[in-house]
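In the working numbering, the protein residues as written are 5 to 449.
Here a beta-carbon is modelled for each residue, glycine too, at the ideal position from N, C-alpha and C.
For reference, the structure discussed in these notes is given below.
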Ligand code: CA
């Protein structure tokens, strides 16, 4: 399964301070303090790299590969969301204030309402470029679709979403970014493993240090694979002996097709249907674990938009309700292919975005959903997180307590709204969060 790397990327949108901005106000002493601290940390990093050898050797890495790529490798201090060690080493200097400040987010992150994800201009532009890529790479995409059973429109939509069809800059040396994440990132164990796989990619000659570029979170190539994704799914589609996802477009697109296919994509199924719900529909019925046949949803009054019928032969298929903005936005009935897209990036709005762009590419359709994204309140993530903690203490399953409103949090909200006699929305509101937090603090008195 692909690591949900975009979970990391989503929090990466906050402004990143750089030392060159911060240090001038701190004077020469601060500059020296930072330099001494960094030197001590780099020393620890060099030792950490040396200590990787037994695991690298066990994974088939040759000594020459190991030395050529890791000897002298430096930390990339510019990456966002690093966790600087304090002190630098057991007997090393403490973390200087300038660097401690760099770790603080620039502002309190808010939970972004789903509507912000679906800007019509962005969708239209991606679809238009997507259609031109469909004709430019027609023969390759046709062959990829045939081989993996994944529609070319989906693969092209992912390519557009991930890197703007390769137009997004990949500014980092992948090895250095991944090693830095392994040494002092948010998920060190995960990236320590990714680093060893990255060495394997270099050893096999699929990329060189110069061409193996990545995002800050180590995602590589046109469709943003981590090294482990590469190891599991990358293919050499043009037959030149290299699985080159960085500069050979057919290799990258086929690798994406292979990853979706290998993770359960069903070529006979769509990804979702946009639907209309009856008035005051029970939004607590959302979620993949509450899937039921299309025919049963129809009995509950759920209909496709634009008066389209569901395909007759699909009425027995199991689908689940997705309400990214609760009852305050468009509604979808999703197939398992939607869940496969979420393995690529564990987010409902991501899967809807990709599926919708694919629909627009294939049908040459306009950007708008039929349902409207109604205005919703913006709440700070830490407040939603406290709210989730209270819900969990009351015995609810909210999924991950992360300040985001995934489907388990959304349907728990529906249950609470019903209990409190609030209008049913299944979406976080100031009124509900205030009431629940006030009750919890009263109970704690
Ligand atoms: Ca190739």
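Taking 8 Å as the threshold, find out whether the region 41-59 comes into contact with the region 148-155 through three or more Cβ pairs.
no
Measuring CB atoms only, is the region 357-377 touching the region 130-139, in the sense that at least three cross pairs come out at less than 8 Å?
yes
Return the residue from the list 273, 314 and 326 that minimises the CA-CA distance to residue 295.
326
Looking at residue 235 and ligand 1, is the gap between the Cβ and the nearest heavy atom below 7 Å?
no
Among 409, 423, 305 and 143, which residue has its Cα nearest to the Cα of residue 282?
305
Could you tell me which of 372, 318, 302 and 168 sits nearest to residue 334, measuring between CA atoms?
372
Just to confirm, does residue 286 get its C-beta within under 7 Å of one of the non-hydrogen atoms of ligand 1?
no
To which residues does DSSP link residue 282 through a beta bridge?
According to DSSP, residue 282 bridges with nothing at all.
Let me know the secondary structure DSSP gives residue 387 once reduced to three states.
helix
For ligand 1, I want to know if residue 184 counts as a neighbour, meaning its beta carbon is within less than 7 Å of at least one of the ligand's heavy atoms.
no
Cβ of residue 241 versus every heavy atom of ligand 1: is any distance shorter than 7 Å?
yes
Cβ pair count under 8 Å reaching 3, the region 172-183 against the region 212-219:
yes
8 Å Cβ cutoff met for residue 402 and residue 392
yes
Sequence ranges, beta strand (DSSP E) only - wholly within the region 142-189, length at least 3:
none
Excluding five sequence neighbours on each side, which residues of the same chain lie with their C-beta closer than 6 Å to the C-beta of residue 277?
308 and 337
Taking 7 Å as the cut-off, does the CB of residue 212 come closer than this to any heavy atom belonging to ligand 1?
no
Helix, strand or coil: which one does DSSP assign to residue 41?
helix
Can you confirm whether the region 265-276 touches the region 242-249 when touching is taken to mean that 3 or more C-beta pairs between the two stretches lie within less than 8 Å?
no
Is it buried or exposed for residue 429, if we count other Cβ within 10 angstroms and need 16 for buried?
buried
Classify residue 352: buried if its beta carbon has 16 or more other beta carbons within 10 angstroms, exposed otherwise.
buried
Give a yes or no on contact between the region 232-240 and the region 252-262, applying the rule of three or more CB pairs nearer than 8 Å.
yes
Please report the Cβ distance between residue 329 and residue 117, rounded to the nearest whole angstrom; I am assuming they are in contact, meaning their Cβ atoms lie under 8 Å.
7 Å
Alpha-carbon to alpha-carbon, residue 404 and residue 144
40 Å
Exposure of residue 445, with buried meaning 16 or more beta-carbon neighbours within 10 Å:
exposed
Span of the alpha helix (DSSP H) holding residue 374?
From DSSP, residue 374 is part of no alpha helix (DSSP H); its letter is neither H nor E.
How about residue 252: is its Cβ closer than 7 Å to a heavy atom in ligand 3?
In the structure on display, ligand 3 does not appear, and the ligands it does have are ligand 1.
From 432, 449 and 425, residue whose alpha carbon lies closest to that of residue 413:
432
Taking DSSP's pairing of strands, which residues face residue 322 in a bridge?
297
Same chain, Cβ closer than 8 Å to residue 297, neighbours up to 5 away in sequence not counted
319, 320, 321, 322 and 323
So who's on the other strand from residue 224, going by DSSP bridges?
218 and 229
When the Cα atoms are used, what is the spatial distance from residue 436 to residue 421?
7 Å
In the structure shown, what three-state DSSP assignment does residue 237 receive?
helix
According to DSSP, is residue 357 part of a helix, a strand, or is it coil?
helix
Using a Cβ-based criterion (distance less than 7 Å to any ligand heavy atom), does residue 246 qualify as near ligand 1?
yes
Could you tell me whether the Cβ atoms of residue 37 and residue 100 are closer together than 8 Å?
yes
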